[in-house]
Amino acid sequence: MNFVNLPVILAALSLLLIIPLATQDSFAQINDGGFQAGGVNIDGSWYVGEGLKVGDYFSFNVCHVDYLDCSDFDMAMWVEDEVRVGTEDKFRMQVLVYDGNKIVKGVMDVGQVAPEPTGGTEEISSYRGAYKSSIAWLSAFATKEMDRGDGTYLTGKGPKEFRAASWGKIGNIGGQQILPTAEQTISVGAGQFDSILLTWKTGGQQSKVWIVDDFPFPIKAKTFMHVSQGIPPVEYEFELLDYKENVSSNPFVNVETTAAKQAAAGCPKEYEKTRFNEATNTFSMIVKGVIGPKIVKQGCDIELFIDFKRMVNPTEYVDQVHYDIAVFGDTSKPPLKTISADEGRAELYTASGQTHRFVLADQPPGIYTYAIIVYGTGPEHILGGNPDTSGLMTFEVEVVKGGDTSFTAPPTAAITEIPQWIKNNAEWWADDQIDDESFVSGIQYLINQGIMKI
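Heads up: take any position in the sequence shown, counting from 1, add 36, and you land on our numbering.
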């Protein structure tokens with residue numbers, strides 16, 4: 037690993053942390069007497085999907101803890117049609133996601149009793165899961181009643197009354213009640229709405245979701261995970277950015293996805309991966325993982341699996357890590373870019389100490405130093421965390437223009453030692469990270485090239 041000019045790197049990157057903390061949302065103080073009895077003095081009821089119809093267009097900014105520790109993205113959905121799959125009627129949605137500098141399109145089918153995802157294209161599977169566990173989450177408690185056509189109803193949970201004392205218990209957080217709590221007029225990206233506020237208590241924090249009568253989805257939410265001690269992290273958060281009715285044609289048809297651009301550039305789907313396992317320059321922790329490819333075509337992704345491990349016990353993860361990935365053309369100068377800035381964030385964060393990211397190599401051809409920088413550790417809301425655990429490690433990546441960047445074995449006569457990729461395969465097989473078939477293929481290669489004789 038290259039530690040050339042690391043003090044200069046640290047000095048340059050320290051400037052990235054001199055930014056103000058994001059202000060917290062201001063919420064009305066409500067229900068000071070407790071959270072186990074609710075009810076709002078308004079007639080009516082609501083369920084997730086109420087009034088949903090073909091031609092509706094929604095755009096949300098959303099995050100969920102299971103997707104990159106609640107890194108937010110914009111998700112737009114257009115209800116294209118009603119379809120029948122087997123015996124079930126569904127809405128088919130066209131979906132467009134802006135995730136940092138990545139653009140993704142796909143299709144998502146949702147149910148009509150509850151608009152939870154029931155199928156769709158693989159490209160948006162991660163975002164589909166985040167949608168289900170955030171925007172559509174209340175469908176676990178409030179759904180449509182469906183007429184069977186014979187005078188009886190196919191019932192899920194059914195709509196919930198605004199006057200109800202409770203909409204149900206959340207079993208995984210100790211049986212806390214979801215309560216209709218207050219009427220509130222709130223402003224979101226899509227405009228101003230008269231809403232009903234639903235609340236429940238989680239780990240000492242108040243989770244909040246705002247719904248609107250006769251509107252299919254909640255318009256805003258900020259909820260927290262259950263923790264036994266400390267400050268609970270955000271579980272999901274979203275806000276309605278835009279809403280339109282009677283959109284008759286696909287609004288995303290002319291949007292080019294990142295995958296389409298990379299396919300046109302000839303980005304490989306299979307590539308050699310290299311492991312790394314290094315202490316930071318300050319010996320604050322171990323940064324371990326896999327990168328691939330290390331020779332990458334311009335405009336293609338570099339895939340990174342990163343684990344932050346403890347120095348004293350490398351089997352244990354370091355949690356609540358504030359970090360970033362920076363790209364240097366010259367380590368004596370400030371970085372060409374940081375991934376956080378590319379994604380419009382102040383920093384990157386992992387609560388678990390593990391992350392899987394794709395980093396776009398869009399710089400001109402050349403050799404670059406990539407730095408994984410640890411700013412510190414601590415709760416997400418404390419920007420930068422505790423700097424006592426700060427440090428960094430680096431590796432080099434070569435960006436090339438054109439040509440095949442996949443691994444090609446040299447001619448037999450030129451092979452005088454076992455290739456590094458074979459050594460990597462052996463180590464990964466010993467660690468149960470690749471299967472027997474992959475390991476045997478490496479052995480077969482050595483035999484075919486005359487390196488190993490039997």
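Glycine included, every Cβ here is placed at the ideal spot set by N, Cα and C.
- request: Have a look at Thr386, Tyr385, Tyr406 and Glu352 and flag the residue whose alpha-carbon is nearest the alpha-carbon of proline 370.
  value: Mapped onto the sequence shown, residue 370 falls at position 334. Taking only the C-alpha atoms, the option nearest proline 370 is Tyr406.
field: Any beta strand (DSSP E) of 3 or more consecutive residues that is wholly inside the region 377–437
entry: 384–386, 390–397, 402–413 and 427–436
- prompt: What are the start and end residues of the alpha helix (DSSP H) that includes tyrosine 167?
  reply: Position 131 of the sequence shown, counted from the start, is the residue given in the question as residue 167. Looking at the DSSP string, the run of the alpha helix (DSSP H) that includes tyrosine 167 is 161–168.
field: Per DSSP, the bridge partner or partners of aspartate 337
entry: Against the sequence shown, residue 337 aligns to sequence position 301. Aspartate 337 is bridged to Leu396.
- prompt: Leaving out five residues before and five after glycine 142 in sequence, what residues of the same chain have Cβ atoms less than 7 angstroms from its Cβ?
  reply: The residue you call residue 142 lines up with position 106 of the sequence shown. Cβ within range, chain order: Val131, Gly156, Thr157, Glu159 and Ile160.
- request: In angstroms with no decimal places, state the Cα-to-Cα distance between alanine 226 and tryptophan 246.
  value: To locate residue 226, count along the sequence shown from 1; it is residue 190. To locate residue 246, count along the sequence shown from 1; it is residue 210. Spanning the two alpha carbons is a distance of roughly 14 angstroms.
field: For threonine 294 and isoleucine 139, believed in contact at Cβ under 8 angstroms, the rounded distance
entry: In the sequence shown, counting from the first residue as 1, residue 139 sits at position 103. In the sequence shown, counting from the first residue as 1, residue 294 sits at position 258. So it is a contact: roughly 5 angstroms between Cβ atoms.
task: Can you have a look at serine 442 and say buried or exposed, based on whether 16 or more other CB atoms are within 10 angstroms of its CB?
output: The residue you call residue 442 lines up with position 406 of the sequence shown. Residue placement at serine 442 is poorly supported in this model, since its pLDDT is 46, which falls under 50; the coordinates are not used for a value here.
task: Verify the CB distance criterion: does glycine 194 have a CB-CB separation below 8 angstroms to chain B?
output: Given the protein chain composition of this structure (a single chain), no chain B is represented.
- request: Can you say whether proline 401 is buried or exposed, counting buried as having 16 or more other CB atoms within 10 angstroms of its CB?
  value: Along the sequence shown, one-based indexing puts residue 401 at 365. The residue in question, proline 401, is exposed, as its Cβ has fewer than 16 Cβ neighbours within 10 Å.
query: How many whole angstroms separate the CB atoms of aspartate 249 and glycine 80, which I take to be in contact at a CB cut-off of 8 angstroms?
result: Reading the sequence shown from its first residue, position 213 is the one you call residue 249. Reading the sequence shown from its first residue, position 44 is the one you call residue 80. 5 angstroms between Cβ atoms; contact.
query: Residue range of the alpha helix (DSSP H) that alanine 296 falls in?
result: Residue 296 sits at position 260 when you count from the first residue of the sequence shown. Note, alanine 296: alpha helix (DSSP H), 294–300.
message: For a quick check, are the C-beta atoms of lysine 180 and valine 146 less than 8 angstroms apart?
response: Here residue 180 corresponds to residue number 144 of the sequence shown, with the count starting at 1. Here residue 146 corresponds to residue number 110 of the sequence shown, with the count starting at 1. Cβ atoms of lysine 180 and valine 146: not closer than 8 angstroms.
query: What is the DSSP secondary structure of tryptophan 173, counted as helix, strand or coil?
result: Looking up residue 173 in the sequence shown gives position 137. Of the three classes helix, strand and coil, the one that applies to tryptophan 173 here is helix, per DSSP.
field: DSSP state of glycine 207 mapped onto helix, strand, coil
entry: Reading the sequence shown from its first residue, position 171 is the one you call residue 207. Helix.
query: From what residue to what residue does the beta strand (DSSP E) around proline 153 run?
result: Counting from one through the sequence shown, the residue named residue 153 turns up at place 117. Note, proline 153: beta strand (DSSP E), 153–156.
query: Quick one: what's arginine 311 bridged to in DSSP?
result: The residue labelled residue 311 in the question sits at position 275 within the sequence shown. Looking at the DSSP assignment, arginine 311 forms a beta bridge with Val326.
Delimiting residues of the beta strand (DSSP E) encompassing asparagine 97: Position 61 of the sequence shown, counting from 1, holds the residue named residue 97. For asparagine 97, the enclosing beta strand (DSSP E) stretches over residues 93–100.
task: Can you give me the Cβ contacts of isoleucine 206 inside the same chain, cut-off strictly under 7 angstroms, excluding the 5 residues immediately before and after it?
output: Taking the sequence shown and counting its residues from 1, the one referred to as residue 206 is at position 170. Closer than 7 angstroms at the Cβ level, and outside the excluded window around isoleucine 206, lie Gln212, Ile214 and Trp236.
Buried or exposed by the 16-neighbour rule on C-beta atoms within 10 Å, applied to threonine 123: Reading the sequence shown from its first residue, position 87 is the one you call residue 123. By the 10 Å Cβ count, threonine 123 comes out exposed.
message: On the criterion of 16 or more Cβ atoms from any shown chain inside 10 Å, does phenylalanine 63 qualify as buried, or is it exposed?
response: For this step, residue 63 is matched to residue 27 along the sequence shown. Summary for phenylalanine 63: the model assigns pLDDT 34, below 50, so the residue's position carries little reliability, and this model does not support an answer.
- request: Please report how far the alpha carbon of tyrosine 359 lies from the alpha carbon of aspartate 424, in whole angstroms.
  value: Taking the sequence shown and counting its residues from 1, the one referred to as residue 359 is at position 323. Taking the sequence shown and counting its residues from 1, the one referred to as residue 424 is at position 388. Looking at the two C-alpha atoms, the distance is approximately 13 angstroms.
query: Whose C-beta lies closer than 6 angstroms to the C-beta of tyrosine 83 among residues of the same chain, with five residues either side of it excluded?
result: The sequence position of residue 83 within the sequence shown is 47, counting from 1. These residues qualify, in order along the chain: Ala178, Thr179, Lys180 and Pro195.
- prompt: DSSP three-state call for isoleucine 375: helix, strand or coil?
  reply: Reading the sequence shown from its first residue, position 339 is the one you call residue 375. For isoleucine 375, the three-state secondary structure derived from DSSP is helix.
Threonine 316 to methionine 111 span [Cα, whole Å]: Here residue 316 refers to the residue found at position 280 of the sequence shown. Here residue 111 refers to the residue found at position 75 of the sequence shown. Using only the alpha carbons, I get a separation of about 36 angstroms.
message: Beta-carbon within less than 6 angstroms of threonine 221's beta-carbon, same chain only, minus the 5 sequence neighbours each way: which residues are those?
response: For this step, residue 221 is matched to residue 185 along the sequence shown. The residues Asp230, in chain order, have a CB closer than 6 angstroms to that of threonine 221 in the same chain once the five nearest residues on each side in sequence are set aside.
- request: List the endpoints of the continuous beta strand (DSSP E) containing threonine 367.
  value: Translated into positions along the sequence shown, residue 367 becomes position 331. Membership of threonine 367 in any beta strand (DSSP E) is not indicated, and neither H nor E is assigned to it by DSSP.
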